[in-house]
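Just below is one structure, and these are the notes that go with it.
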Amino acid sequence: MKSVLKDALIKELTSQLARVEPLSRTGQAVALHFLTREAADEEKRAAEQDISRLQEVIKAKDSVIDEKTNRVAELEQLVQDAIRERDAEIERSKELLARVAPKGTPNSRSHTKRPFGMDDPKMTEVIKFYEDMSNLLVTNVKFEHAPDSEEPEVIFHCIYTYYEMIRRADDIEGERIGEKSIVFTMRIFNGFGGPNGEPASEDDFIHRRIKYTPLHLDKEPEAFVKGLEYMGESFTFACAQQGLFLNSLREKIRDAAKDASESASDIGEMDRDSQQ
2 MKSVLKDALI KELTSQLARV EPLSRTGQAV ALHFLTREAA DEEKRAAEQD ISRLQEVIKA
62 KDSVIDEKTN RVAELEQLVQ DAIRERDAEI ERSKELLARV APKGTPNSRS HTKRPFGMDD
122 PKMTEVIKFY EDMSNLLVTN VKFEHAPDSE EPEVIFHCIY TYYEMIRRAD DIEGERIGEK
182 SIVFTMRIFN GFGGPNGEPA SEDDFIHRRI KYTPLHLDKE PEAFVKGLEY MGESFTFACA
242 QQGLFLNSLR EKIRDAAKDA SESASDIGEM DRDSQQ
């Protein structure tokens, strides 16, 4: 009797186990399915982030390329404008030179001997002689039309160099020391003697004047600029005073160069003292 009951119980338990096992297997498969889907979603999010980042990089590079392209176009336009301005300046200079040329001057087609002029080697030597004597170098000259005058305005671009010479017994040419240069323009025009172009007095009259304008002083030491005093500013003077102007310019540059040298020496000594 007990044997029969045991067999029946075993059979029942076996039947219940058979019904539960498929559900267990199904549940495990579902769990595995969810884990795989989460990993796929994570990979998708990472890929989308990479794509977004690459798109931003591409946009940034496109922006840089557009900026460089625009800059190249601007530079090309500046070059073209400069070329046109140069050509126009050449034509204006030719026209103004033709206006001020003395009557009877033979033209380029004349077979007669050309007068003493800029293309004459003698003139070249004269210019070189003046430059060596005055230490004044003219790097460029332009002519500009003056609306209220028959004479053109003349603009000289100049470099004045100051230096002192020392000479030893065995040295014939000597050696330059304390050399210092200043760049400036000299505009020759017709006007009154007032600082703003107005008559300086009741008997003042229009005459040829010069406007002096120093350039690039922002690149010079402060002590040098301060030592130039009024030569560090733009001003006008009569053409008859050119000799006085050149002497004053030489003195001011000499003094300013010495002041700048002494200031640099003082700063050097202070730096050495602070390091000790």
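Reminder that position 274 of the sequence shown reads as 275 in the numbering used here, one-by-one numbering, no gaps. Ideal placement from N, C-alpha and C gives every residue a C-beta, glycine not left out. All values reported here derive from a predicted model rather than from experimental measurement.
Leaving out five residues on either side along the sequence, give the residues of the same chain with a beta carbon under 7 Å from the beta carbon of residue i.
i	result
CYS240	ILE189, ARG209, ARG210, ILE211
GLY175	MET166, ILE167, ARG168
ILE207	ASN191, GLY192, PHE193
GLY28	Below a pLDDT of 50, predicted positions are generally treated as unreliable, and GLY28, at 48, falls in that range; the measurement from the model is reported next regardless. Closer than 7 Å at the Cβ level, and outside the excluded window around GLY28, lies no residue.
LEU218	VAL226, GLY233
Figure out for me which residue from the options has the closest Cα to the Cα of residue i.
i	options	result
GLU263	PHE225, GLU252, PHE246	PHE225
ARG177	TYR164, GLY195, PHE185	TYR164
PRO215	MET134, SER182, PHE130	SER182
ASN136	ILE128, LYS62, GLN242	ILE128
GLU221	GLN81, PHE236, PRO153, ALA258	ALA258
GLU223	SER249, SER235, ALA261	ALA261
MET187	ASP171, MET124, GLU75, GLN243	GLN243
SER235	SER53, TYR213, ASP51	TYR213
LEU250	ARG46, VAL184, GLU203	VAL184
Pull the bridge partners of residue i from the DSSP assignment, please.
i	result
LEU138	ILE160
ILE183	TYR161
ARG168	Answer is none; ARG168 lacks a bridge partner.
VAL155	PHE144, ILE189
Apart from the five residues on each side of it in sequence, which residues of its chain come closer than 8 Å, Cβ to Cβ, to residue i?
i	result
THR140	HIS158, CYS159, ILE160
SER16	none
GLY195	ALA201, ASP205
ILE11	none
TYR131	LEU137
ILE59	none
GLU1	Nothing about residue 1 can be reported from this structure: the residues present for the chain run from 2 to 277 only.
Looking at the secondary structure, which residues open and close the beta strand (DSSP E) in which residue i lies?
i	result
GLY175	Looking at the DSSP string, GLY175 is not in any beta strand (DSSP E), and its letter there is neither H nor E.
ALA239	236-239
LEU216	208-216
Would you kindly report the start and end of the unbroken alpha helix (DSSP H) that includes residue i?
i	result
ALA224	223-229
Excluding sequence positions up to five away, which residues of its chain have a Cβ less than 6 Å from the Cβ of residue i?
i	result
LEU229	LYS253, ALA257
HIS34	Residue placement at HIS34 cannot be trusted, given a pLDDT of 47 that sits under 50; the coordinates are not used to answer.
VAL142	PHE157
PHE117	Confidence is the limiting factor: at PHE117 the pLDDT is only 42, short of 50, which leaves the residue's position unreliable and the question unanswerable from this model.
ASP133	none
SER150	ASN191
Any contact between the region 154-164 and the region 253-262? By contact I mean 3 or more CB pairs, one from each, below 8 Å. yes
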